[in-house]
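Numbering (full-length UniProt numbering), first residue to last: 1 to 771.
We treat Cβ as the ideally placed atom computed from N, Cα and C, and that holds for glycine.
Here's the structure we're looking at; comments come further down.
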Amino acid sequence: MKKIQLLILLFFIYLNGTAQKVGVVFSGGGAKGLAHIGVLKALEENNIPIDYIVGTSMGGVVGAMYAAGYTPQEIERIAVSTNFQDWVSGKFDSDYRYFFQKKPDNPSFLSLKLEIDTGFQARFRSTLVNDIPLNFALIELYTQPTVNAHNDFNHLFVPFRCIVADVFSQKAIDVDHGSLAEAIRGTITVPLVYRPVKVDGRYVFDGGLYNNFPVDVMKRDFKPDYIIGANVSSKTFKDYPKDDEKLMGRSLIYMFLSNSDSTSIGKNGIYIQPNLQNFSSTNFAPVAQMIKAGYDATMADMPRIKADIAARTDSDGLKKRREKFHQTQAPIVFNNIIITGANFQQQRYIEGIFRKDENKPLSLKDVKEGYYRLVTNDNFETVYPRVIYHPQSNSYDFGIDIKSSKNFRADIGGMISSRPISTAHLGLQYDYINRNSFTATLNLYSGRFYESAQGTLRSDFPTRLPFYLEGEFAYNYWNYFNNNQISVERTNPLYIAQSDRKIMIKAGIPVANNGKLELQAGYINTGDEYSPNDTYQNGDTLDVSRFTAFKASIAIEKNSLNRKQYASKGNHYYLGLQYYNGREYYDNGNVLQNTPGYHAIGQFNTIRQWFAAKLSQENYFFTQKHLSLGYLVEGVLSNKPLFRTYEESVLSSPGFYPLQDSRTLILTNFRAPSYAAGGLKSVVTLKKNLEWRTDGYLFIPVRGIRRDNLEDASYTNILGVRKFAGSTGLVYQSFVGPIGLSFNYYDDDQKRYGVMFHAGFLIFNKRALNE
Numbered sequence: 001m002k003k004i005q006l007l008i009l010l011f012f013i014y015l016n017g018t019a020q021k022v023g024v025v026f027s028g029g030g031a032k033g034l035a036h037i038g039v040l041k042a043l044e045e046n047n048i049p050i051d052y053i054v055g056t057s058m059g060g061v062v063g064a065m066y067a068a069g070y071t072p073q074e075i076e077r078i079a080v081s082t083n084f085q086d087w088v089s090g091k092f093d094s095d096y097r098y099f100f101q102k103k104p105d106n107p108s109f110l111s112l113k114l115e116i117d118t119g120f121q122a123r124f125r126s127t128l129v130n131d132i133p134l135n136f137a138l139i140e141l142y143t144q145p146t147v148n149a150h151n152d153f154n155h156l157f158v159p160f161r162c163i164v165a166d167v168f169s170q171k172a173i174d175v176d177h178g179s180l181a182e183a184i185r186g187t188i189t190v191p192l193v194y195r196p197v198k199v200d201g202r203y204v205f206d207g208g209l210y211n212n213f214p215v216d217v218m219k220r221d222f223k224p225d226y227i228i229g230a231n232v233s234s235k236t237f238k239d240y241p242k243d244d245e246k247l248m249g250r251s252l253i254y255m256f257l258s259n260s261d262s263t264s265i266g267k268n269g270i271y272i273q274p275n276l277q278n279f280s281s282t283n284f285a286p287v288a289q290m291i292k293a294g295y296d297a298t299m300a301d302m303p304r305i306k307a308d309i310a311a312r313t314d315s316d317g318l319k320k321r322r323e324k325f326h327q328t329q330a331p332i333v334f335n336n337i338i339i340t341g342a343n344f345q346q347q348r349y350i351e352g353i354f355r356k357d358e359n360k361p362l363s364l365k366d367v368k369e370g371y372y373r374l375v376t377n378d379n380f381e382t383v384y385p386r387v388i389y390h391p392q393s394n395s396y397d398f399g400i401d402i403k404s405s406k407n408f409r410a411d412i413g414g415m416i417s418s419r420p421i422s423t424a425h426l427g428l429q430y431d432y433i434n435r436n437s438f439t440a441t442l443n444l445y446s447g448r449f450y451e452s453a454q455g456t457l458r459s460d461f462p463t464r465l466p467f468y469l470e471g472e473f474a475y476n477y478w479n480y481f482n483n484n485q486i487s488v489e490r491t492n493p494l495y496i497a498q499s500d501r502k503i504m505i506k507a508g509i510p511v512a513n514n515g516k517l518e519l520q521a522g523y524i525n526t527g528d529e530y531s532p533n534d535t536y537q538n539g540d541t542l543d544v545s546r547f548t549a550f551k552a553s554i555a556i557e558k559n560s561l562n563r564k565q566y567a568s569k570g571n572h573y574y575l576g577l578q579y580y581n582g583r584e585y586y587d588n589g590n591v592l593q594n595t596p597g598y599h600a601i602g603q604f605n606t607i608r609q610w611f612a613a614k615l616s617q618e619n620y621f622f623t624q625k626h627l628s629l630g631y632l633v634e635g636v637l638s639n640k641p642l643f644r645t646y647e648e649s650v651l652s653s654p655g656f657y658p659l660q661d662s663r664t665l666i667l668t669n670f671r672a673p674s675y676a677a678g679g680l681k682s683v684v685t686l687k688k689n690l691e692w693r694t695d696g697y698l699f700i701p702v703r704g705i706r707r708d709n710l711e712d713a714s715y716t717n718i719l720g721v722r723k724f725a726g727s728t729g730l731v732y733q734s735f736v737g738p739i740g741l742s743f744n745y746y747d748d749d750q751k752r753y754g755v756m757f758h759a760g761f762l763i764f765n766k767r768a769l770n771e
């Protein structure tokens, strides 16, 4: 009888143990929340059951991924990927970067988007991080599990709650239904970092504002028998901030850590606090180390956890349950595009961007491509994507919340240098969208060396094959008279001034995602003033050459470089054909009037026409964390005739510009009507944002130009003398652009050796001739 009673008692103890329900609570803590992945790894490895999950902020992100059926190993692979770093930093260098809509690079380092209201007051956007890649990443991660659960978080792989903070009621809200992607976007919306979003019709911020460690929600909603609480936040600092800046920088951290009560778990549970003192809440880079800290802390408490929790999960059973949850997946297709915040004409424009065939549903890939096309359009201040699921019909719509504005943008930038080429830049842009998109720009440069004014008016048409039309006017002026520069080898002064004007009409269509095909036609005018023998005295009159012509061109260009100058990864490809038909005018000066054997030419003019084909590619074929290797190859083939003088024949010929300052120099040995050139690039990352760059290039003129007599020109032999250019130096990528100190060498009489310092971008408007 006693044996039977003992067996009954053991049976009830067993039932009690197996019926034990375990809830896991994850706190917020910014980047430190990645340690929760290590907690999940340790629990699954030891077959500890996880029946419910509640999370806030980054704890909500990790918890939601587990609740959505991802394994700890899958979550870890996502977290250590470069895609994840792009999501949290706001970068989206991908195949969806729509180069077709990208405006030409300029030297700006500060862009101010201004919304001009009726009182002409400027409103500045206050968020710090671009949320474009993050928003769509959440859709890709969480949409299918949301559909499988029919918008009910109780029916996820693991029942789940997400904590958000209502902006207006100032209360914590636990989200238990709807779109999992939107709930997670809400719980990580740190004020001033990300813009607030609507969840269930309410604007919300990061849930850590009011409940950073939501044990109370776990107890109220799920009533588990045992709680495992992991808290990665701590208000304990070794010293009080001594300066105001440091204190204010931590103010947001204090706000989010105000509700992390370790005693709230109670007796039936365990409190885990990983050692994360050496990690920052804002630095997402050391992912593996933070995951390990969470894993180690959980393994340290594992003996007690196993003693308190009798139940164990079966690995095979857990795997089958995951597979069953994922088996309900069906391909997601979208029947409609639901657009809010735009008028009727703007909606037609946006639908044209997304739809290639009005009668064909859109796949997730289709809407992703359309989304990235849309966000690269400067006409929209906000583009927030959402998936709208209709459980009754098991159908989907793709929603876009738009904030468009007839706004101005001001680009401020420039460059300072140890050479007299420092330049200030101001760019103005006005955007307007109706049935089509319209953009007007004005770019101004001012400096001793370079002055320029450029205006454009562009209209984008979202037809089945998108295209744009653009009108451009530009004026450029370069003054090479100045010669006060830091140089190892003294060079002769140059007495050259160049100017050009162009009025062009352009049309373009996309080629793949990172490319475009562009046609141009219009009027150009160039003017060169120069000394024919590099001497000048007061009272001298310089020679003047002008070229007025019709120009037409067709070009294919693709660009995925990661920076507009000093790139370290990506590829830039250009293939173009140009045609010129115009008249050359020449009027000699008096610099050579006292030179023996000189005969004045007087005024001269003649018709010039030619074709020129150009191919260039800059590609970084090897990219690792601390080393990038690349190459630049370029070739020009043309039947351009020689102009009346040697100097003008050189100045009007295409040039090879391999180094950062090449466009600020007249390099006679690196110009020819036809040439082949190329070289290698090495980029060594010494510290974050600090690079040691080394370049070396070879230039081979197919037919070079040489001086005959005093002013005449003739061709050299086929494949003339090879010329070398090289550079080595340090570049720091700062918030105002690159800061570089380099030692440069050109195999050219005008610039042999030189040391150059500059801060800012060495970027100029394109010339009318040969570009």
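Margin query: Using a Cβ-Cβ cutoff of less than 6 angstroms, which residues in the same chain neighbour R707 once the five nearest sequence positions on both sides are dropped?
Written below: Excluding residues within five positions, the ones whose Cβ falls inside 6 angstroms are Y646.
Check: Using the rule of at least 16 other Cβ atoms within 10 Å of the residue's Cβ for burial, across every protein chain shown, is T463 buried or exposed?
Finding: Around the C-beta of T463, fewer than 16 other C-beta atoms lie within 10 Å, and the residue is accordingly described as exposed.
Notebook entry, point to check: What do you reckon, are the CB atoms on I400 and V383 nearer than 8 angstroms?
Noted result: Closer than 8 angstroms, so yes.
Next item on the list: Figure out for me which residue from E529, I402, G178, I554 has the closest Cα to the Cα of V544.
Entry: Looking at the Cα atoms, E529 is the closest of the given residues.
Next item on the list: Would you tell me roughly how many angstroms separate the C-alpha atoms of A768 and V61, rounded to the nearest one?
Entry: Approximately 52 angstroms between the Cα atoms of the pair.
Next item on the list: Report yes if the C-beta distance between I270 and D301 is below 8 angstroms; otherwise report no.
Entry: Cβ atoms of I270 and D301: closer than 8 angstroms.
Next item on the list: Taking the CB atoms as reference points, tell me whether S418 and M58 lie closer together than 8 angstroms.
Entry: Using a Cβ distance threshold of 8 angstroms, S418 and M58 do not count as a contacting pair.
Checklist line | Backbone CA spacing between R752 and Y745 [nearest angstrom] | finding: Going by the C-alpha atoms only, they are around 5 angstroms apart.
Checklist line | F213 beta carbon less than 8 angstroms from that of G23 | finding: It is not a contact, given that the beta carbons lie outside the stated cut-off.
Item checked: Residues near N434 by beta carbon distance below 6 angstroms, same chain, minus five either side -> Within the same chain, N434 has close Cβ partners Q345.
Margin query: Taking 8 angstroms as the threshold (C-beta atoms), are G602 and F547 in contact?
Written below: No, the Cβ-Cβ distance between F547 and G602 is not below 8 angstroms.
Checklist line | S674 in three-state terms, based on DSSP | finding: Three-state result, S674: strand.
Next item on the list: Verify the CB distance criterion: does P462 have a CB-CB separation below 8 angstroms to chain C?
Entry: The displayed structure is made up of one protein chain only, and chain C is not part of it.
Next item on the list: Could you please give the first and the last residue of the uninterrupted alpha helix (DSSP H) stretch that includes Y349?
Entry: Per DSSP, Y349 belongs to the alpha helix (DSSP H) from 344 to 354.
Notebook entry, point to check: Among the residues of its own chain, which have a CB less than 6 angstroms from the CB of P673, if the five just before and after it don't count?
Noted result: Counting only Cβ-Cβ distances below 6 angstroms, and skipping sequence neighbours, we find S638, K640, S653.
Check: Hey, K32 and S281 are a contact pair by Cβ (cut 8 angstroms); roughly how many whole angstroms apart?
Finding: That pair is a contact at about 6 angstroms.
Next item on the list: Throw me the rounded Cβ distance for the L680 and Y631 pair, which I believe falls under 8 angstroms.
Entry: Under the criterion of beta carbons closer than 8 angstroms, L680 and Y631 qualify as touching, at roughly 5 angstroms.
Notebook entry, point to check: Given D540, which residues of its chain have a CB within under 7 angstroms of its CB, disregarding the five upstream and five downstream residues?
Noted result: Taken in chain order, the residues that qualify are G589, N590, V591.
Notebook entry, point to check: Looking only at its own chain, which residues have a Cβ that is under 6 angstroms from the Cβ of F604, when we skip the five neighbours before and after it?
Noted result: For F604, where only same-chain residues beyond five positions count, the Cβ hits under 6 angstroms are Y586, R644.
Next item on the list: Going by CA-CA distance only, name the one from K198, L629, V193, T143 that's closest to V164.
Entry: The shortest Cα separation from V164 among K198, L629, V193, T143 belongs to K198.
Notebook entry, point to check: From this set, R312, G635, Q101, K360, which residue's C-alpha is nearest F670's C-alpha?
Noted result: That would be G635, whose Cα lies nearest to the Cα of F670.
Next item on the list: Measure the alpha-carbon distance for I227 versus V25 and round it to whole angstroms.
Entry: Computed Cα separation, rounded: 7 angstroms.
Notebook entry, point to check: Three or more C-beta pairs closer than 8 angstroms, one from the region 159 to 179 and one from the region 41 to 60: is that the case here?
Noted result: Yes, the region 159 to 179 is in contact with the region 41 to 60.
Checklist line | Pick from Q520, T664, G28, F735 that is closest to T423, judged by C-alpha positions | finding: The option with the nearest alpha carbon to T423 is T664.
Check: On the premise that L651 lies in contact with Q498, defined as a C-beta separation below 8 angstroms, what is that separation, rounded to the nearest angstrom?
Finding: Indeed, because the Cβ distance is near 7 angstroms, the residues count as touching under 8 angstroms.
Next item on the list: Could you tell me if F449 is buried or exposed, where buried requires 16 or more neighbouring beta carbons within 10 angstroms of its beta carbon?
Entry: Per the 10 Å Cβ criterion, buried.
Next item on the list: Identify the continuous beta strand (DSSP E) that holds residue 787 and give its terminal residues.
Entry: There is no way to answer for residue 787, as the model of the chain reaches only from 1 to 771.
Checklist line | Cβ-based burial, D316 [other Cβ within 10 Å; buried from 16] | finding: Under this definition D316 is an exposed residue.
Next item on the list: Drop a sphere of 10 angstroms on the beta-carbon of H626, count the other beta-carbons inside from all chains shown, and report buried for 16 or more, exposed for fewer.
Entry: Residue environment: H626 is assigned as exposed (fewer than 16 neighbouring CB atoms within 10 Å of its CB, all protein chains considered).
Note to self: In the DSSP output, which residue or residues are listed as bridge partners for Y384?
What the structure shows: In the DSSP assignment, Y384 is bridged to D401.
Margin query: Spatial neighbours of G90 within its chain, please: C-beta separation below 6 angstroms, excluding the five flanking residues on both sides.
Written below: Apart from sequence neighbours up to five positions away, the residues of its chain that approach G90 with a beta-carbon distance below 6 angstroms are V129, N130, ordered along the chain.
Next item on the list: With F109 as the anchor, note down where its beta strand (DSSP E) starts and where it stops.
Entry: Its beta strand (DSSP E) spans residues 108 to 114.
Next item on the list: Please determine, among N268, G522, A297, S264, the residue with the shortest C-alpha to C-alpha distance to N275.
Entry: Nearest option by C-alpha distance: A297.
Note to self: Once the 5 residues before and after Y389 are set aside, which same chain residues still bring their CB inside 7 angstroms of it?
What the structure shows: These residues qualify, in order along the chain: T146, V147, N151, Y396.
Next item on the list: Give the DSSP bridge partners of F284, in chain order.
Entry: In the DSSP assignment, F284 is bridged to no other residue.
Checklist line | Assumed close pair L642, A713 - CB separation to whole angstroms, cut-off 8 angstroms | finding: Indeed they touch by this definition, with Cβ atoms about 5 angstroms apart.
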